[in-house]
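Protein chains in written order, with the numbering used here: chain A, 822 to 982; chain B, 18 to 289.
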Amino acid sequence: MRIKVTVNNRIYERDIEENRTLLRFLREDLGLTGTKEGCGAGECGACTVFFNGKTVNSCMVLAAEADGGVVETIEGEASGGMLSVLQEAFEKHGAVQCGFCTAGMIMSARELIHQHPHPTRKEILEGLEGNFCRCTGYEQIIEAILDVTGGYEPKEELSYV
Amino acid sequence: MLVTFSYKAPQSREQLLDMIATGESDSKLLAGGTDLLVNIRNGVYRPKMVVDLKKIPGVDAITWDKKTGLKIGPAVTINEILTDANIRQHYPLLCSCARDLASFQIRNRATVVGNIVNASPCSDMAPALLCLDATVLIESKQGKREVPIAEFFTGVKRTALKPNEMVTSLHIPADKAGVRGVYRKLKRIQGHDLGIVGVAVANVGKGARIGVSSSAPTPVVTPLLPLSLSLPEVIEAVNVIIHPISDVRCSKEYRTFMVGEYTKRLWKEVIS
């Protein structure tokens with residue numbers, strides 16, 4: 822079937838197989854490979870994108886459902902060659918290591934900040950519960966989000982003996 | 018996905034019921050897709066046709082009325098339950114269950130009706146719906162019928178729903194408004210995980226009811242229990258309704274113990 826989808830403010834019209842997921846559509850049909858496939862079953866959150874204003878696991882949405890809809894992905898995060906505030910904070914705090922979770926993590930963090938402009942640590946943990954990171958241990962990601970939302974308190978340097 | 022199917026998005030309930038009228042099990046209804054699409058991917062279901070019900074007007078409606086109670090449409094998501102002012106005020110137990118269901122992204126897509134139609138023993142919404150005596154409203158080309166939620170679940174991933182039928186809404190009676198209750202789910206981690214056991218204790222006024230998930234082939238609920246029962250008597254009443262098994266997550270004995278433990282804690286919190 823033919824679908825028309827707005828992705829990062831650009832309109833795309835494509836013929837798709839009806840069993841295609843939104844994730845595969847973004848990656849393989851549109852070439853937007855920033856969004857990753859981790860588990861493909863809604864556990865890991867690597868494929869998180871905004872669909873009609875809400876974060877979803879794009880591996881569990883059919884591309885056909887997105888006909889007439891609006892999708893935002895990590896490719897729309899930076900603008901004019903400049904990283905977003907959130908991306909800069911992730912870089913500053915070392916919240917990116919292998920980077921596989923980052924695209925989904927940034928999407929969920931954006932939704933979290935939208936819901937809670939000044940989140941507590943607990944709210945951050947709950948907001949990110951659907952996004953796995955196997956590198957950072959989450960601490961740097963939490964710090965980056967706290968930094969953006971004004972709740973970050975720098976830790977003292979470790980003293981060496 | 019390896020399974021090929023056609024996608025249909027009917028614009029009305031009549032159109033949808035026509036599409037599934039032959040009753041052959043090669044069509045599946047799509048709401049949130051968080052169970053269906055994973056099951057198709059894993060080859061559990063091999064439908065020839067996936068029928069998306071979300072384009073039908075009114076399917077995402079939550080209506081509340083003092084006299085008639087609460088009605089939840091088949092496309093109402095878990096996060097919509099959590100943000101609905103009437104549900105938060107009148108049916109806090111539903112929110113207690115909804116908060117513990119999966120992750121934020123999944124709650125944005127997963128539906129309450131889908132959670133019961135999937136009929137997993139570990140359904141998180143079922144303990145609340147069982148305690149609150151919800152009714153499932155079902156429709157097919159042949160007509161409408163209503164099934165009490167306790168009779169809706171017929172086995173592991175099995176329901177009273179026939180292939181040519183759809184759930185048009187869930188109804189929660191008005192006399193259950195204001196019921197206080199709490200759901201607690203034992204998980205391996207604090208975040209997104211399937212439950213090892215889940216227990217909901219509700220004070221329904223005339224007595225208490227305890228709904229349990231992940232401890233029998235279907236979610237189960239006790240009959241009305243007098244509020245004057247002692248804790249050992251309450252745990253005994255719960256032990257009668259559960260039939261836990263040992264599986265990858267834990268042993269039968271641990272499940273039985275933790276259902277008792279959670280029942281004890283929640284009874285203290287909610288009832289005494």
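For each residue, glycine too, the CB sits at the ideal point set by N, CA and C.
Asked, Found
"With 7 Å as the limit, tell me which residues of the stretch 886-899 of chain A have their beta carbon closer than that to any beta carbon of chain B; keep them in chain order.", "Glu886"
"Let me make sure I understand the geometry here. Which of B/Arg272, B/Val216, B/Trp284 has the alpha-carbon closest to that of leucine 244 of chain B?", "B/Trp284"
"Are any of the Cβ atoms in chain B nearer than 8 Å to that of alanine 862 of chain A?", "yes"
"Is serine 113 of chain B close to chain A, meaning its C-beta is less than 8 Å from at least one C-beta of that chain?", "no"
"Strictly under 8 Å for the Cβ-Cβ distance: is phenylalanine 170 of chain B near chain A by that measure?", "no"
"Check each candidate in A/Leu853, A/Val877, A/Glu838 and name the one with the smallest Cα separation from arginine 124 of chain B.", "A/Val877"
"CA-CA distance, isoleucine 824 of chain A and aspartate 836 of chain A?", "6 Å"
"Is the CB-CB distance between threonine 894 of chain A and leucine 847 of chain A below 8 Å?", "yes"
"Mind checking the stretch 834-848 of chain A against chain B and listing, in chain order, the residues whose C-beta falls within less than 9 Å of any C-beta there?", "Glu838, Glu839, Asn840, Arg841, Thr842, Arg845"
"Quick check on the burial criterion: 16 or more other C-beta atoms within 10 angstroms. Buried or exposed for alanine 899 of chain A?", "exposed"
"Do you know how far the Cα of proline 64 of chain B is from the Cα of arginine 126 of chain B?", "21 Å"
"Using a Cβ-Cβ cut-off of 8 Å (strictly less than) and excluding sequence neighbours within five positions of asparagine 103 of chain B, which residues of its own chain qualify?", "Ile79, Trp81, Leu87"
"What number of angstroms, rounded off, separates the C-alpha of leucine 883 of chain A from the C-alpha of threonine 51 of chain B?", "11 Å"
"Going along the chain, which residues of its own chain have a beta-carbon closer than 8 Å to the beta-carbon of serine 120 of chain B, five neighbours each way excluded?", "Gly208, His209"
"Compare the beta carbon distance of alanine 38 of chain B and asparagine 181 of chain B with 8 Å and say whether it is the shorter of the two.", "yes"
"Mind checking the stretch 25-54 of chain B against chain A and listing, in chain order, the residues whose C-beta falls within less than 7 Å of any C-beta there?", "Gly50, Thr51, Leu54"
"Rounded to the nearest angstrom, what separates histidine 887 of chain A and isoleucine 945 of chain A at their Cα positions?", "What sits at residue 887 of chain A in the sequence shown is alanine, not histidine. Computed Cα separation, rounded: 28 Å."
"With a threshold of 8 Å between beta-carbons, can threonine 876 of chain A be considered close to chain B, or not?", "yes"
"Quick one: Cα of glycine 890 of chain A to Cα of leucine 70 of chain B, how far?", "16 Å"
"Round the Cβ separation of isoleucine 95 of chain B and leucine 118 of chain B to the nearest angstrom and send it over; I've been treating them as touching at under 8 Å.", "5 Å"
"Does the stretch 271-280 of chain B come within contact of the stretch 219-238 of chain B, defined as at least 3 CB pairs closer than 8 Å?", "yes"
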